[in-house]
Structures are given as C-alpha cells and as structure tokens.
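Residue numbers (the working numbering), protein chains in the order written: chain W, 5 to 178; chain V, 509 to 712.
Ideal placement from N, C-alpha and C gives every residue a C-beta, glycine not left out.
All values reported here derive from a predicted model rather than from experimental measurement.
Written below as structure tokens is the structure these notes are about.
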Amino acid sequence: MPESVPWHQTAVAVLKRHDVRLVTYVPDNVLRPLIEAVHADPFFTAFATTREEEALGIVAGAWMGGTRGILLMQTSGFATLPNVIASLAVPFQIPVLMMVSERGTLGEFNLGQALVAKTMRPVLDSLALEHHTLTRADEVEFVLDRSIRQAVATQAPVCFILSPLLTGGKVFAA
Amino acid sequence: MSFASNHPARREDAKVMNRAELTRRLVARLHHDEAVIGGIGFANFDLWGAGQRPQNFYMLGSMGLAVPIALGVAIAQPARRVVALEGDGSILMQLGALATVAGRRAANLIVVIWDNGAYQITGGQPTAAAEVADIAAIARGAGIAKSAWAADEGDFEEMIARALTEDGPWLIACRIDQARPDSTTERDPARIRDRFMRGIGARH
Ligand SMILES: Cc1ncc(C[n+]2csc(CCOP(=O)(O)OP(=O)(O)O)c2C)c(N)n1
C-alpha cells in the first residue's frame, strides 16, 4: 500500500485551494502539526485566541470583511460554542469553518474529556449543522473540499471532527 | 508622555455622559466608510438610532463578541478603520479579547467602551465596573497602550479624531448615564449581515 499523505498536509492544501487564509485556534496536541504548518506558511494568518468563542467571532468578522477563515479546537473547546453558533454564525448565515480534534473517545484517560465529548454531536445535530467525522486519510481531501464548497454556497457553518482513527489521538503516557 | 496620562487617571474622574449623544458624535466623524460593530446590550440600539449606515453591524446575541468580530473585519480589511462599541458588562465577559487585539497589533481597530456600571438592558444590575474594575486600566494591562478614559464630550471627540488617523489599537472608555435608547434595532440578521458586507465592499 502506498504511504498516505498525512491528514494535516491534505488539510493545508485544501484550505489554500479554497483561499481560507485565516486560522484562529486554542491549541490542542493533536492539532499541533496543522498549527505548525499554517504558522510556517506565509499564505496563512494564524494565531491563538484566549477562548474559542473569540476565535469564532474573529472568523465571522473576517468572513464579512471578505477573508475566509477556520477555527481549530479540541472537543472541550467546541463545548463552549453553542451560544455563539446559535446567535451569530447560524442566524447571520456566516459559513464559519470549524475543525475539532476529538478527545474523549477511543482510549481517553480523562473522565472530564470523555463526558464533554458526549455533548458535541447532539449539539451539532440540534442546530442542524453539517458535520463530518474524519477517520481515514484518504477521505480527508474529498470531505474538506466538498464541505467547504457547500458551506460557502449555502452560507452555513460546517464542523470537521478529527477522529483518533485518523490522527492517532492522545494516549496516556503511563 | 503616554497617551493615558493626558486623560483622567481613574474612572471616577471621567464625566458621566450620554451614550446616544456620544454615538451621534462618533458617527458624525466617520467620513471614510469606517465599519462599526454594535455590541449586545444598548450599544447597538444607540448605533441604530444614530442613523443606519450600511457599514454598521448590529449584534443580536453572542454577548462579548463585538471586539472579536471587529478584529476579524480589521484583519480582513487593514485599510479600513473598524470600531467596536461594547458595554462594560459585555467586555467583562470577554476580557481575553483585549489581549488578543494587543497581540495582533491591530492598528486599524478602535474599541469604545460604554461603561454605565450596569447590565442595563437586563434590569440595571451592577457590574464589577461600578465598584472596582477599571476597564481602561485592564486594557492597558492587556497590552493596549493607547487606552484611556474620555474626560468629557470634547475629549471623546479628540480621542476619536486621533484614533481615526493614527495607528492603534485604541481603547476609549466612556462613563455613561442610565438613559435608555429611544430606538430599537431591527432584528433581521441575514439582512444586517448582507447590508454590512455590501457596505464594506465585501460583496457587490
Ligand atoms: C451569554 C449571555 N449571557 C447573558 C445574556 C443576557 N444579556 C443580554 S445583554 C446583557 C447585559 C449587557 O450589559 P452591557 O454590555 O453592560 O450593556 P448595557 O445593557 O449596559 O447596555 C445580558 C446579561 C446574553 N445575551 N448572553
């Protein structure tokens, strides 16, 4: 089997193709290769914010100003967002792109993370938000490319969930 | 001499002014299609009341996000001045945003705080600003050096004039009375967003 391209390299390529230049994030260990890649590439404006709500507000403002953006976070960060998704991104029809590193499943060692993770898909479903769980490197290109197109065309947010099946996740260092 | 040293050192030393009047004075000074983000609470009501410019964005929720939204617009359009109008209760909810603004060195961003010491729209419950918290000082501590209290209406206008021409980021804090706005923002989010995008040339 040929070596597959790592998910973060594919993500960088698709973001560039769709002119997604702004990346705001609250860090996560699994997202590190993507965060490092966007910092290293002058195409992107990338920076950390103090909260995920803030990261969403910045991406929303940038979209209205004509620049596409994405916010990166872990599951616990997504759990802080329902209010601003429901009162800003959705009603104002702003295609906020979100990428969540999935903690809390497939070998989680922290009970708090495991419980927070259970709230994520019910929240996304209750807001009727488009979301996709990425488990295989060979699907990353298709899912990101098509979903970014759809988000922009339908003026609706989309959330990409990076499963540990894709990223390896975070394992307990015993 | 630092920017702040020409202005009232403490919140108590600033004149208590009227939000609707200051909003009108601000809007009257905007001649270059500057973008204005009106925060939740009465900030956006008085912005609406000052005349419906297409470059105005009115928040209908997302308490605390006026500054982040304004920062996003400012990043997307570095040649345009962007103003965030935010209440004291709202900014106290998202103080980290001030550190982010400072860190980004957002030269074209102006934050105006309407500090009435209260969550006025929800019944006037006092905020921490009423007794202890000094938002202009907090912003300086967060790294926004050009942050100060407006002494009075004339001082406010001078600060705005400077902020519209010299590099920021700026934070202009104003003590505000308890008068209520006399108009209500139209609540049609898709329309607000579309008009705003056209108003700042992001859509034709
Ligand atoms: C997350 C969240 N918490 C609480 C509220 C309710 N709420 C709406 S406006 C407001 C007060 C805003 O206070 P301030 O920013 O000082 O503005 P003012 O009402 O004084 O104009 C509150 C608590 C809300 N909309 N969202």
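Test: residue i CB closer than 8 Å to a CB of chain V
i        : result
W/Thr79  : no
W/Met5   : Because the pLDDT of W/Met5 is 48, which lies under 50, any placement of that residue in the model is unreliable, and the question is left without a value.
W/Met68  : yes
W/Pro161 : no
W/Glu57  : yes
W/Pro99  : no
W/Val34  : no
W/Phe96  : yes
W/Ile74  : no
W/Ser130 : no
W/Ser172 : Before going on, a small fix: residue 172 of chain W reads as Gly here, not Ser. For W/Gly172, the answer is no, since every Cβ of chain V falls outside 8 Å of its Cβ.
Identity of the residue in the options nearest residue i by Cα
i        : options                                   : result
W/Thr28  : W/Glu56, W/Phe146, W/Gly172 and W/Val144  : W/Glu56
W/Val104 : W/Asn114, W/Thr139 and W/Pro95            : W/Thr139
V/Glu666 : V/Gly709, V/Leu534, V/Met525 and V/Asp521 : V/Leu534
V/Val619 : V/Ala584, V/Leu579 and V/Gly632           : V/Leu579
V/Gln686 : V/Ile583, V/Gly595, V/Ala650 and V/Gln563 : V/Gly595
W/Gly111 : W/Lys174, W/Ala41, W/Val42 and W/Val34    : W/Lys174
V/Val591 : V/Ser513, V/Leu538, V/Thr608 and V/Glu529 : V/Leu538
V/Gly557 : V/Ser570, V/Gln563, V/Ala528 and V/Ala638 : V/Ala528
V/Ala658 : V/Arg613, V/Ser570, V/Leu606 and V/Asp642 : V/Asp642
V/Pro634 : V/Arg613, V/Leu600, V/Ala645 and V/Phe664 : V/Leu600
V/Asp696 : V/Ala512, V/Gly632, V/Gly569 and V/Ser598 : V/Gly569
V/Ala645 : V/Arg612, V/Leu679 and V/Tyr627           : V/Leu679
V/Gly547 : V/Gln560, V/Thr531, V/Ala574 and V/Val524 : V/Ala574
V/Pro677 : V/Glu661, V/Ala605 and V/Ile708           : V/Ala605
W/Val63  : W/Ser130, W/Val24 and W/Pro46             : W/Val24
V/Asp660 : V/Ala512, V/Asn526, V/Thr692 and V/Ser510 : V/Asn526
Rounded Cβ spacing between residue i and residue j (contact assumed at less than 8 Å)
i        : j        : result
V/Pro576 : W/Gly65  : 7 Å
V/His492 : V/Ala610 : Nothing about residue 492 of chain V can be read from this structure; chain V reaches only from 509 to 712.
V/Leu593 : V/Ile545 : 7 Å
V/Leu617 : V/Ala582 : 4 Å
W/Gln97  : W/Ala160 : 7 Å
W/Ala15  : W/Leu38  : 6 Å
V/Ala607 : V/Ala650 : 4 Å
Near ligand 1: residue i beta-carbon under 7 Å from a heavy atom
i        : result
V/Asn526 : no
V/Phe704 : no
V/Gly635 : Sequence inspection shows Thr at residue 635 of chain V; the Gly mentioned does not correspond to that position. The answer is yes for V/Thr635.
V/Tyr566 : no
W/Gly61  : no
V/Gly604 : no
V/Gly595 : yes
V/Ala551 : yes
V/Ile629 : yes
V/Asn624 : yes
V/Ile548 : yes
V/Gly557 : no
Cutoff 8 Å: residue i Cβ touching any chain W Cβ
i        : result
V/Ser570 : yes
V/Val524 : no
V/Ile708 : yes
V/Arg688 : no
V/Val581 : yes
V/Arg701 : yes
V/Pro677 : no
V/Gly559 : no
V/Leu555 : no
V/Met705 : yes
V/Phe550 : no
V/Gly651 : no
Short Cβ contact (8 Å threshold) for residue i with residue j
i        : j        : result
V/Phe550 : V/Ile668 : no
W/Leu170 : W/Ala132 : no
W/Ile89  : W/His136 : no
W/Leu128 : W/Val100 : no
V/Phe704 : V/Pro586 : no
V/Asp689 : V/Phe565 : In the sequence as displayed, the identity of residue 689 of chain V is Pro instead of Asp. Going by C-beta atoms, V/Pro689 is not nearer than 8 Å to V/Phe565.
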